[in-house]
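Colleague: Protein chains in written order, with my numbering: chain A, 1 to 296; chain B, 1001 to 1316. Please find one structure pasted underneath; my questions will follow.
Right under this line is the structure:
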């Protein structure tokens, strides 16, 4: 289709491109700043003032300190455990729930849908949840970070919408061949809804990777801490008057100067994996947010 | 096999029960799958709702819910008459209202601007970059905020360059909400625009062609075609956002606030966290939490009702 552009429209077009370009820079710059700072020589960085257009000098000393720190390594492994085990269980449970709620002739479907959707808008809140975890004996265990969030209601509804779009014929022919519901779900529905499943996996995995609050209130044992909780101590607690032991122990044997780059290196180490993954799922994002999925 | 005899008994009061039994037998694997899911929701969503009864007790972990003393509305009264009630309710509402006024329209505007871009490569590049902050963890975002706003940080360097004075911006009660809300917009505007772009992608291109033949320019198309196509999405999202008007963003508050900024930063949920978890006043915390979620739920019902009545859009 060919359209004639008036002068006003051409001006708008130019302004729009310039604005969005600036907007992109604003989105990108904070991360670039951290990246440049993490690669800088600590002494040069300490003297620098203002916007960073590139690393100041070049040094990997911060990364050496961070990657040799046993706490960070434990945290990293713990986070990997929570991400992998958590996400597998999340997707399994969510897929089963979505399959049940996407059946057409199920007498108890409506009450089940209401029961699920209601939890999006009302809940017991912080204190009863905390007491429940203690009561169930999950306090200070790895399970405390996995079991309470097994199903995110939103993801369940998104997945259900994806399942409902699968043509009935596929399931019926499988049923005639004698397949039971488990076979239909895992052999037919999940493979044909790959795009939706990919988005759900990403949502859950990123959720586990970035989670910190439950770890803070449910875990005492530092050996179980996920990376984000350690990051909080390194990045935030020491500047807002909290626990400084962690950041001090990080500096053992190194000049205090290294500390200026350590913050940035830990951010990069903790963030880069996620930033590498999401662009590959990007083409599926729209499936995860379609409006039809939201109305109960 | 008893089941085989019952289908005829339609008027029987037990008919529903027997139909259900038949339904369960026929769909036994479906119900088998439903079991762990139902169990999950009962234990981790409905049991805590039941656990809210401790808001009306002096709950003690030793005595349990059954053995603790009942105190009626004592904790609600204590909260509402305490000097902190006004502060935390005001802060909760102000932060959320700012988020809705400035944060809610931002992704709509971004989607409309992106929609006008014809160069697909440019559009996709901007989109990819704009999603990035959404995937950065809250802890890292707040760590960056702390670093950038401290008196030696990059934002202060820029302020000094333009002739201002250095200050730790996050310790400034007047700036807390501004920093909180604007960094939230920065993090979520790109991600938030996806749903609007998804809605626009289903729009029939013939509408534009037809209006173009009728002589409508791009601005008029924006006003008369593109924007109206977004209205249902906007309404639904606005209702959903109102459903979280008292609870949004409390993890970020806990990461960013400190005793110096409680005056403008402390919200109901962060107050519940301090009093309830840190000081182990479980009953008082549960009462304040229940107060919060009840008001929130009432607001949701009201907004949904109004939207259904006047705009014919609602969640249910």
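Heads up, the beta-carbon is just placed ideally off N, CA and C, and yes, glycines get one too.
With contact counted as at least three CB pairs below 8 Å, one residue from each stretch, are the stretch 1161 to 1181 of chain B and the stretch 1123 to 1140 of chain B in contact?
Modeller: no
Colleague: Who are the Cβ neighbours of residue 162 of chain A in its own chain at under 6 Å, not counting the five residues just before and after it?
Modeller: Walking along the first chain from the start, residue 162 of chain A turns up at place 162. Excluding residues within five positions, the ones whose Cβ falls inside 6 Å are 193 and 196.
Colleague: How many angstroms separate the CA atom of residue 11 of chain A from the CA atom of residue 17 of chain A?
Modeller: Residue mapping note: residue 11 of chain A aligns to position 11 of the first chain, counting from 1. Residue mapping note: residue 17 of chain A aligns to position 17 of the first chain, counting from 1. Answer to the nearest angstrom: the Cα atoms are 10 Å apart.
Colleague: To which residues of the same chain is residue 1192 of chain B closer than 6 Å at the C-beta, ignoring the five residues directly before and after it?
Modeller: As a position in the second chain, residue 1192 of chain B is number 192, starting the count at 1. Closer than 6 Å at Cβ, skipping near neighbours: 1107.
Colleague: Does the CB of residue 1133 of chain B have a neighbour CB from chain A at under 8 Å?
Modeller: If you number the second chain from 1, residue 1133 of chain B lands on position 133. Closer than 8 Å to some Cβ of chain A, the Cβ of residue 1133 of chain B qualifies, so yes.
Colleague: Measure the alpha-carbon distance for residue 1078 of chain B versus residue 1248 of chain B and round it to whole angstroms.
Modeller: Translated into positions along the second chain, residue 1078 of chain B becomes position 78. Translated into positions along the second chain, residue 1248 of chain B becomes position 248. The straight-line gap from Cα to Cα measures roughly 25 Å.
Colleague: Is it the case that the Cβ atoms of residue 225 of chain A and residue 78 of chain A are separated by a distance below 8 Å?
Modeller: Position 225 of the first chain, counted from the first residue, corresponds to residue 225 of chain A. Position 78 of the first chain, counted from the first residue, corresponds to residue 78 of chain A. For the pair residue 225 of chain A and residue 78 of chain A, the CB atoms are nearer than the 8 Å cut-off.
Colleague: Along the chain, where does the alpha helix (DSSP H) containing residue 103 of chain A start, and where does it finish?
Modeller: Counting from 1 along the first chain, the entry for residue 103 of chain A is found at position 103. Residue 103 of chain A -> no alpha helix (DSSP H), and no H or E assigned at all.
Colleague: Is the shortest distance between the beta-carbon of residue 1137 of chain B and the beta-carbons of chain A less than 8 Å?
Modeller: Position 137 of the second chain holds residue 1137 of chain B. For residue 1137 of chain B, the answer is yes, since a Cβ of chain A falls inside 8 Å of its Cβ.
Colleague: Name the chain B residues whose beta carbon is nearer than 9 Å to that of residue 58 of chain A?
Modeller: By 1-based counting over the first chain, the position of residue 58 of chain A is 58. Taking a Cβ-Cβ threshold of 9 Å, none of the residues of chain B is close to residue 58 of chain A; the smallest such distance is about 20 Å.
Colleague: Taking only beta-carbon atoms, is residue 218 of chain A less than 8 Å away from chain B?
Modeller: Along the first chain, read from residue 1 onward, the residue named residue 218 of chain A stands at position 218. When Cβ-Cβ separations below 8 Å define contact, residue 218 of chain A makes no contact with chain B.
Colleague: Mind checking whether residue 260 of chain A and residue 46 of chain A have CB atoms under 8 Å apart?
Modeller: Locating residue 260 of chain A in the first chain gives position 260, where the first residue counts as 1. Locating residue 46 of chain A in the first chain gives position 46, where the first residue counts as 1. Yes; because the gap between Cβ atoms is below 8 Å, this pair is in contact.
Colleague: Does DSSP classify residue 1186 of chain B as helix, strand or coil?
Modeller: Position 186 of the second chain, counted from the first residue, corresponds to residue 1186 of chain B. Of the three classes helix, strand and coil, the one that applies to residue 1186 of chain B here is helix, per DSSP.
Colleague: So what's residue 1304 of chain B in DSSP terms, helix, strand or just coil?
Modeller: The residue you call residue 1304 of chain B lines up with position 304 of the second chain. Residue 1304 of chain B falls in the helix class under three-state DSSP.
Colleague: Taking the Cβ atom as the reference point for each residue, do residue 1056 of chain B and residue 1071 of chain B lie within a distance shorter than 8 Å?
Modeller: For the purposes of this step, residue 1056 of chain B is identified with residue 56 of the second chain, where counting begins at 1. For the purposes of this step, residue 1071 of chain B is identified with residue 71 of the second chain, where counting begins at 1. Their beta carbons are under 8 Å apart, which means residue 1056 of chain B touches residue 1071 of chain B by this criterion.
Colleague: Would you kindly work out how many angstroms separate the C-alpha atoms of residue 85 of chain A and residue 1060 of chain B, rounded to a whole number?
Modeller: Taking the first chain and counting its residues from 1, one reaches residue 85 of chain A at position 85. Taking the second chain and counting its residues from 1, one reaches residue 1060 of chain B at position 60. When rounded, the distance between both Cα atoms is 35 Å.
Colleague: To which residues of the same chain is residue 164 of chain A closer than 7 Å at the C-beta, ignoring the five residues directly before and after it?
Modeller: The sequence position of residue 164 of chain A within the first chain is 164, counting from 1. Short of 7 Å from the beta carbon of residue 164 of chain A, and not among the five residues preceding or following it, lie these beta carbons of its own chain, in chain order: 102.
Colleague: Looking at the C-beta of residue 1113 of chain B, does it have a partner C-beta in chain A at a distance below 8 Å?
Modeller: The residue given as residue 1113 of chain B occupies position 113 in the second chain. Closer than 8 Å to some Cβ of chain A, the Cβ of residue 1113 of chain B qualifies, so yes.
Colleague: With a threshold of 8 Å between beta carbons, is residue 1262 of chain B in contact with chain A?
Modeller: In the second chain, the residue the question calls residue 1262 of chain B occupies position 262. Cβ-Cβ to chain A under 8 Å: no for residue 1262 of chain B.
Colleague: Name the DSSP bridge partner or partners of residue 1070 of chain B?
Modeller: Numbered from 1 along the second chain, position 70 holds the residue referred to as residue 1070 of chain B. The partner list for residue 1070 of chain B (beta bridge, DSSP) reads B/1057.
Colleague: For residue 99 of chain A, go through chain B and note every residue whose CB falls closer than 8 Å to its CB, in chain order.
Modeller: By one-based count along the first chain, residue 99 of chain A stands at place 99. Those are 1030 and 1033, listed as they occur along chain B.
Colleague: How is residue 1063 of chain B classed by DSSP in three states: helix, strand or coil?
Modeller: Counted from its first residue, the second chain places residue 1063 of chain B at position 63. Coil.
Colleague: For the stretch 1172 to 1197 of chain B, which residues have a CB atom closer than 8 Å to at least one CB atom of chain A, in sequence order?
Modeller: 1186, 1190, 1194, 1195 and 1197
Colleague: Compile a chain-ordered list of the residues in the stretch 1096 to 1126 of chain B whose CB is closer than 9 Å to at least one CB of chain A.
Modeller: Those residues of the stretch 1096 to 1126 of chain B placed with their C-beta closer than 9 Å to a C-beta in chain A are 1110, 1113, 1114, 1116, 1117, 1118, 1119, 1122, 1123, 1124, 1125 and 1126, ordered along the chain.
Colleague: Exposed or buried, residue 1199 of chain B, counting other C-beta atoms within 10 Å across all chains shown (16 or more means buried)?
Modeller: One-based indexing of the second chain puts residue 1199 of chain B at position 199. Flag for residue 1199 of chain B reads buried.
Colleague: In chain order, what residues of the same chain lie with their CB nearer than 7 Å to the CB of residue 1075 of chain B, ignoring the 5 residues before and after it?
Modeller: Stepping through the second chain from its first residue, residue 1075 of chain B is reached at position 75. Closer than 7 Å at Cβ, skipping near neighbours: 1055, 1283, 1284 and 1287.
Colleague: Unbroken alpha helix (DSSP H) runs of length 4 or more, entirely within the stretch 1261 to 1307 of chain B: which are they?
Modeller: Correct list: 1262 to 1265 and 1268 to 1272.
Colleague: Whole angstroms are fine: how far does the CA of residue 123 of chain A sit from the CA of residue 1291 of chain B?
Modeller: Walking along the second chain from the start, residue 1291 of chain B turns up at place 291. Walking along the first chain from the start, residue 123 of chain A turns up at place 123. Each residue's Cα considered, the two are about 12 Å apart.
Colleague: In three-state DSSP terms, what is residue 221 of chain A?
Modeller: Here residue 221 of chain A is taken as the residue at index 221 of the first chain, counted from 1. Note: residue 221 of chain A maps to coil in three-state DSSP.
Colleague: Between residue 225 of chain A and chain B, is the shortest Cβ-Cβ distance under 8 Å, so that the two count as touching?
Modeller: Position 225 of the first chain, counted from the first residue, corresponds to residue 225 of chain A. No, residue 225 of chain A lies away from the interface with chain B (no Cβ there is under 8 Å from its Cβ).
Colleague: If the cut is a Cβ gap below 7 Å, which residues of chain A does residue 1047 of chain B touch?
Modeller: To locate residue 1047 of chain B, count along the second chain from 1; it is residue 47. Near residue 1047 of chain B (Cβ distances below 7 Å), the residues of chain A are 132.
Colleague: Would you list, in chain order, the members of the stretch 159 to 181 of chain A that have their beta-carbon closer than 8 Å to a beta-carbon of chain B?
Modeller: 180 and 181
Colleague: Can you list, in chain order, the residues of its chain whose CB lies under 6 Å from that of residue 1110 of chain B, leaving out five sequence neighbours each side?
Modeller: Within the second chain, numbered from 1, the residue matching residue 1110 of chain B stands at position 110. Cβ neighbours of residue 1110 of chain B beyond the five flanking positions: 1189 and 1193.
Colleague: So that I know if they touch, is there some Cβ in chain A lying closer than 8 Å to that of residue 1037 of chain B?
Modeller: For the purposes of this step, residue 1037 of chain B is taken as residue 37 along the second chain, with counting starting at 1. Judged by the 8 Å Cβ criterion, residue 1037 of chain B is in contact with chain A.
Colleague: Going by DSSP, what residue range makes up the alpha helix (DSSP H) through residue 1211 of chain B?
Modeller: Here residue 1211 of chain B is taken as the residue at index 211 of the second chain, counted from 1. Element bounds for residue 1211 of chain B: 1205 to 1213.
Colleague: Would residue 248 of chain A be called buried (16 or more neighbouring beta carbons within 10 Å of its own) or exposed?
Modeller: Mapped onto the first chain, residue 248 of chain A falls at position 248. Annotation note: pLDDT 46 at residue 248 of chain A (below 50); position unreliable, no value reported.
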